[in-house]
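To start, the structure itself, in structure tokens.
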Amino acid sequence: MIYRETGNFVTNYLKDRDIFSMTFDKVVVILGLLYLFLWVPTTSEYFLSAHVIPILAVGLATVGLNILTGLTGQLSLGTAGFMCVGAFGTYNLMLRVPDGLMSLPVALLLSGIAAGFVGVVFGLPAIRIKGFYLLVSTLAAQYFVWWFFNSYAWFLNYESSGVVAIAPKFYDYWGLGNLLGVDMQGYPARYLLALTICIGLSYFAKNLLRSNTGRNFMSVRDRDIAASVMGISVPRAKLLAFFISCFYCGVAGGIYSFLYIGNVDLMIYGVDRSFTILFMLIIGGLGSISGSWLGAIFVYEFPIIFTFIGDFIFQGAFNTAVVENVSNMVYGIFIIALLIREPGGFAALWGTTKQKLRMWPYPH
Amino acid sequence: MSKSLLKVNNIEVVYNHVILALRGVTLDVEEGKVVSLLGANGSGKTTTLKACSNLVHAERGAVTKGSIEYNGQDIAETDAYNLVKNGVVQVLEGRHCFSHLTVEENIMTGSFIRDDPKEAKKDLERVYDHFERIRIRRKSLAGFTSGGEQQMIAMGRALMSRPKLILLDEPSMGLAPQLVEEIFAIVKALNKEGVSFLIAEQNAMVALKYADEGYIIENGRVILKGKASDLLNRPDVKEMYLGVSEEGKTSFRDIKYYHRRKPSFS
Amino acid sequence: MGFDFVYLIEVVVGGLLSGVMYSLVAIGFVLIYKSSGIFNFAQGTMLLFASLTFVKMTENGIGFWTALFIASGIMVIVGVATEKFVMRPLANQDLLALFMATVGLATFQEGFAQFMWDSDVHGLQMNKFIDISLLDSNPIFISDYIPWLDLLIPRFDIFASLVAGTLIVVLAFFFQKTNTGMALRAVSDDHMAAMAVGIPLQKVWAIVWAVTGIIALVSGLLWAERVSVSFTLIEAVMKALPVILIGGLTSIPGAIIGGLVIGVGEKLGEIYLADLFGGQGIELWFAYFMALMFLVVRPQGMFGEKLIERV
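Protein sequences appear in the order of chains A, B and C. Each residue of the first sequence is one higher than the last, beginning at 1 in the numbering used here. Each residue of the second sequence is one higher than the last, beginning at 1001 in the numbering used here. Each residue of the third sequence is one higher than the last, beginning at 2001 in the numbering used here.
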């Protein structure tokens, strides 16, 4: 076997903390990044706009939720609400702040911070409330945010239809587009912006997992009384987790609205969106960043592929309602089957597979 | 030669399809005896007990090789609760009392499988006779009782099913030494009434003192077996598990850790 | 113009009665949670499925009682099947995984119900079938009895309250006083220990899920009478959540008290506070905010079991 996990001798602490310690892995990662940055933008617009970009957006939200639920154990169903804050925040910043000072990437990050603060406010009850009861706080956030943006039309610039199309000028990053001669509103450009943000934030999340802060989060998840006895401030850890998680969700919301849909629309940030992201998280595996991405890809693509296969086999013999219902049925069964087989999701399945491969040809 | 109540035949137990926990455990509990299973952390004691009570399935574990016989019958297809009906009950490691039920309700859950409420009430009194301490606490929530009391509640609960064999998992864990002696004295008393015991323990001294036979398990494999009194006097057991050697207290510097290749059955 | 006291009473009474409806859904939740520690998100879809099945049968000419009987049978089968295929393999798993399994179950049931029957809205009027004075569509005029109280109470709401009340009493008695009830509470505390002690998880859960199925049928029918059978029934679930959270996830009487609190609070909030917040539709989050306030004061709900942790 050429893939050896042994024989990697490190000579300093920095090297010891490498995420990918084997040369093989490093090469794969570099090739992967090259592929993502150089080759994918040249693929069809349809592929980018209908598959890649939305997955980047929801995947980032899943990573955010992972930090809150997977790492810190705080169950949350308010994800879409925080995404909504990010989307509306980005829109309003772009709209109202003079062009010279604001551009899309900055707006995304700032609105993420705003979402983070909203998250902290709704995370305050988490100091007292534990377990399933905590759902009430995040659901309150979800419904409140939705109602708030629905009621105060100022946020949508008094657009009567309730949906605002994003003007092309918003995509001009301080004239960068004109400088490079690239159409910033085009999908390749959008994709690259989303990709950069997602890779950057995923890297940050992965390191968060391995850091002291991440360990604090996990100890709060596992045994918060023991954590507080050890000197970890449990309220501080929980609120920090809410902040970081909602920051991610806010940025993801901005990406979703600006780089994918092209509209700022309240309807797409309902409770079902929160559930979808929770699905992605569970299917991917709690506590694993790569798992979150796998889960996001799977959950997003499943209905599409299923409908496609259905149409292919039955040549459109059934109407959309039937297909949707059957899709839901298969989807539900799949989730249950996956949870039975491996409650830890794809990430755990992958871990078990690796373990089996290590011992191959022995079973264990 | 008394009848064999529980026969574990060279079992192999795997968790989650990939984690090998037991790799060849054979033991034999005769009727009316107290058998101790000794071993360090992670050696496989709890897994052995859970395999005998068929609770191992609840933790995604499976007996992949070998067999377990209770009263001459293979238990592979028996549900955990049916085993309890047949007289095998496990007292879990860490007690696992039902924290939101009262002490009395906890003990009564043990009688759920029976259908003679009058006899059950009498057995409840007998449990309180054995464990006087918890009689006064009978109406408190079990979650608020102390470790020792919880151990008594768990054992009383097990007794309610009128078992022939009790699988005790680390009864001394987290208890004060005096309390440990008390618990084991009660075990001995119950044994005199005809209940057999298979006790998994880390506290070798106490476990061997109160047992008839002992097995030592290491890394998922039984490596030593014998009469408890013989084991207590073996120099290697003394050195490994009791910390005493021929020359007095051993220092780690002097230990020559060798791998026991063959199980030395006497 | 003084403070309209009668109006206030009318609002409060209206709130109490609508609160009872929430409680009916909440009871199903609490039952499952109390017996297994699982937060059954599929409760709403079970409501939908049960009532859809019933309505489809009555629309096709099957008599009320026959349809009720058959629907109950179907719900029992659904309950037992759920236990066998979903709960049993997942026993002893992390509670979050179990919760997600119920969400998956809900997705399945949603698709299945609409696949088997259809996605239309069906009206349901029970007084067409049963001839009880309580189901008469004429409301009771309180002013007939108390002259100065000019209130209207729909008879149906009283009927629903009676049904809910009976359910509560029966279930509360069951859990506190019977052996099986005690065994269920034990299972909810610790699956593994319950198995070790000899409680047959499967049999016990099969019963619980079957009973929950029937409760879903009963509450589904009562809700359908009010809002018709349609997809929106599932939204009833989202309203039931703050109810159980206030009352306590493990408390059956709590389900009804929580329901009343939410029902009244919602109505009061909508009428008196909506102007303050300058918008319509605050009841959506108002219920959750009320629950939040309660929980901050009592993190386990009014009557829920306190979290007992051994350090």
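Even glycine gets a Cβ: it sits at the ideal position worked out from N, Cα and C. Bear in mind the structure is a predicted one, so any value in this text is a computation, not a measurement.
Is the distance from the Cβ of residue i to the Cβ of residue j below 8 Å?
i	j	result
A/Ile67	A/Ser274	no
C/Val2187	C/Ser2036	yes
A/Met280	A/Gly295	yes
B/Val1029	B/Val1056	no
A/Thr6	A/Ile277	no
A/Leu352	B/Asn1016	First, the residue type needs correcting, since residue 352 of chain A is Thr and not Leu in the sequence shown. Yes; because the gap between Cβ atoms is below 8 Å, this pair is in contact.
B/Thr1046	B/Val1025	no
A/Leu134	A/Gln74	yes
B/Gly1094	B/Leu1159	no
B/Tyr1210	B/Val1084	no
C/Ala2287	C/Glu2266	yes
A/Ala50	A/Gly253	no
B/Gly1214	B/Gly1174	no
A/Val323	A/Gly310	yes
B/Gly1156	B/Ile1107	yes
C/Phe2041	C/Thr2102	yes
Relative to the C-alpha of residue i, which residue among the options is closest?
i	options	result
A/Met83	A/Leu294, A/Trp146, A/Thr43, A/Leu286	A/Trp146
B/Arg1114	B/Pro1235, B/Val1056, B/Gly1087	B/Gly1087
A/Val118	A/Val58, A/Thr138, A/Leu56	A/Thr138
C/Lys2034	B/Leu1101, B/Ser1140, B/Glu1031, B/Ala1051	B/Leu1101
C/Pro2200	C/Leu2068, C/Asp2189, C/Thr2180	C/Thr2180
C/Arg2185	B/Glu1105, B/Pro1171, B/Leu1231	B/Glu1105
B/Pro1171	B/Gly1042, B/Val1063, B/Met1152, B/Asn1233	B/Met1152
A/Ala153	A/Val264, A/Ile335, A/Ile19, A/Leu338	A/Val264
According to DSSP, residue i sits in a beta bridge with which residue or residues?
i	result
B/Val1025	B/Ile1011
B/Gly1221	Reading the sequence as shown, one finds Arg at residue 1221 of chain B and not Gly. According to DSSP, B/Arg1221 bridges with B/Glu1218.
B/Leu1006	B/Val1029, B/Tyr1070
B/Phe1184	Beta-bridge pairing links B/Phe1184 to no other residue.
A/Ala165	A/Asn263
B/Lys1065	B/Glu1012
B/Lys1227	B/Glu1213
B/Ser1036	B/Ile1199, B/Gly1214
B/Ile1019	B/Tyr1015
B/Leu1141	B/Thr1102
C/Leu2152	C/Phe2141
So residue i contacts chain C; which residues on that side make the cut at Cβ distance below 7 Å?
i	result
A/Arg128	Val2296, Pro2299
B/Ala1211	The premise fails here: B/Ala1211 is roughly 22 Å from chain C at the closest Cβ pair, so nothing lies under 7 Å.
At a CB-CB cut-off below 8 Å, which residues of chain C make contact with residue i?
i	result
B/Ser1089	Looking at the sequence itself, residue 1089 of chain B is Val, so the reference to Ser does not match. The answer, in chain order, is Ala2196, Val2197, Gly2198.
B/Ala1139	The sequence given here places Lys at residue 1139 of chain B; Ala does not occur at that position. None at all; the shortest Cβ gap to chain C is about 14 Å.
B/Ser1053	Ala2196
A/Val299	In chain order: nothing, as chain C lies at least about 11 Å away.
What are the boundary residues of the beta strand (DSSP E) that residue i is part of?
i	result
C/Phe2156	Taken as a continuous stretch (DSSP letters only), C/Phe2156 belongs to no beta strand (DSSP E), being part of the alpha helix (DSSP H) at 2155-2177.
B/Lys1090	For clarity, residue 1090 of chain B is Gln in the given sequence; the question names Lys instead. Run containing B/Gln1090: 1088-1091, per the beta strand (DSSP E) assignment.
B/Leu1167	1165-1169
Going along chain B in order, which residues have a C-beta closer than 7 Å to the C-beta of residue i?
i	result
A/His51	Residues of chain B passing the Cβ test: none, with the nearest at roughly 34 Å.
C/Asp2190	His1096, Phe1098
A/Gln369	Nothing can be reported for residue 369 of chain A, as the shown portion of chain A is limited to 1 through 364.
C/Asn2179	Phe1112
If you follow the alpha helix (DSSP H) that residue i is part of, which residue opens it and which one closes it?
i	result
B/Glu1104	1103-1109
C/Leu2266	Inspection of the sequence shows that residue 2266 of chain C is occupied by Glu rather than by Leu. First-last of the alpha helix (DSSP H) with C/Glu2266: 2252-2268.
C/His2191	2191-2197
B/His1130	1117-1130
A/Asp16	13-16
B/Glu1149	1147-1159
A/Pro235	234-254
A/Phe258	Premise fails: A/Phe258 is in no alpha helix (DSSP H) and is neither H nor E.
A/Leu36	Taken as a continuous stretch (DSSP letters only), A/Leu36 belongs to no alpha helix (DSSP H), as it is neither H nor E.
A/Pro303	289-314
For residue i, which residues in chain E fall below 8 Å Cβ to Cβ?
i	result
C/Asp2094	Among the chains of the structure shown, chain E does not appear; the protein chains present are A, B and C.
For a contact meaning CB atoms closer than 7 Å, what does residue i contact in chain A?
i	result
C/Trp2285	Ala140, Tyr143, Phe144, Trp147
Can you name the residues of chain A whose CB is closer than 8 Å to the CB of residue i?
i	result
B/Asn1016	Thr352
B/Ile1019	His364
So which residues of chain A does residue i contact, with C-beta pairs closer than 9 Å?
i	result
C/Glu2110	Asn325, Asn328, Met329, Gly332
Check whether the Cβ of residue i sits closer than 7 Å to any heavy atom of the ligand SAH, and report yes or no.
i	result
B/Glu1201	In terms of ligand content, the structure shown is empty, and the ligand SAH therefore cannot be addressed.
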